[in-house]
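In what follows, a single structure is set out as structure tokens and then discussed.
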Amino acid sequence: MFRILAATLLLLPIACTATSRMGAAIVTERDGQPCFALSDQPINRLNAALVYDQSTRPPTSIWVVDIDPDREGKALVGCVVYGQVFPNQKAGHVPATALRIGQVYVVHLMAERIDPADPTQGYVARFCLAPQPGNAKPRVRQIVWNKQAGRWGDEICGLQRLEKP
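One gets the numbering used here by counting positions in the sequence shown from 1 and adding 117 to each.
As structure tokens, this is what we get:
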């Protein structure tokens, strides 16, 4: 019993530290493409950007860019556009594939803010291309957690939610 308690107490600081280093990303639209940001504050250093298709099990990476930290990069003001190519990205990245209407995607940004006091290093958000009435172009929509319903609000993507009997 003592060993289990001791192991739990030793791992507790690690678990608390890990959860405090994640934050919410923001998804907007730029020229019909998703654009990812941390907030109003510029990104000091982007280390990686990953987008996953959540409709597959396990989720499939559809865009991965890994930035070389040894090559000097400038602070990013605004947002990172889906599929953006960086001059200091490493070889072996996954080029962006076409996004599909109604699919749920998750973006992970490994980045540092300008504020050195902010320990957050990872940012996550869910998004989709939502169909529009008529022949209008689909719109990029961020999916947020619906606290009242206790679930993700992915109905914004045009997805039909199956009700449990």
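In this text, a Cβ means the ideal position worked out from N, Cα and C, and glycines have one as well. These figures come from a predicted structure and were not determined experimentally.
I'd like the list of long-range same chain contacts for residue i, defined as Cβ closer than 6 Å, with 5 residues on each side in sequence excluded.
i: residue 207; result: 183 and 185
i: residue 236; result: 138
i: residue 130; result: Its pLDDT being 42, under 50, residue 130 is placed unreliably by the model, and nothing is read from it.
i: residue 263; result: 270
Would you check if the distance between the CB atom of residue i and the CB atom of residue j is smaller than 8 Å?
i: residue 245; j: residue 198; result: no
i: residue 230; j: residue 155; result: yes
i: residue 219; j: residue 248; result: yes
i: residue 240; j: residue 253; result: no
i: residue 221; j: residue 148; result: no
i: residue 180; j: residue 213; result: yes
i: residue 211; j: residue 178; result: yes
i: residue 266; j: residue 226; result: no
i: residue 146; j: residue 256; result: yes
i: residue 209; j: residue 150; result: no
Got a sec, what are the start and stop residues for the beta strand (DSSP E) residue i sits in?
i: residue 233; result: Note, residue 233: premise wrong, no beta strand (DSSP E); not H, not E.
i: residue 203; result: Looking at the DSSP string, residue 203 is not in any beta strand (DSSP E), and its letter there is neither H nor E.
i: residue 265; result: Taken as a continuous stretch (DSSP letters only), residue 265 belongs to no beta strand (DSSP E), as it is neither H nor E.
i: residue 172; result: That residue, residue 172, is in no beta strand (DSSP E); it is neither H nor E in DSSP.
i: residue 141; result: 139–141
i: residue 151; result: 150–154
Just list the residues that DSSP pairs residue i with in beta bridges.
i: residue 249; result: DSSP, once it has assigned bridges, lists no residue as partnering residue 249.
i: residue 256; result: 247
i: residue 196; result: Looking at the DSSP assignment, residue 196 forms no beta bridge with any residue, so it has no partner.
i: residue 183; result: 165
i: residue 272; result: Bridge partners of residue 272: none, in fact.
Decide if residue i is buried, meaning its Cβ has at least 16 other Cβ atoms within 10 Å, or exposed.
i: residue 242; result: buried
i: residue 202; result: exposed
Apart from the five residues just before and just after residue i, which ones in its own chain have a Cβ nearer than 8 Å to its Cβ?
i: residue 273; result: 245, 247, 258 and 260
i: residue 158; result: 230, 231 and 232
Keeping to the same chain, check which residues put their C-beta closer than 7 Å to that of residue i; ignore five residues upstream and five downstream.
i: residue 171; result: 221, 222 and 223
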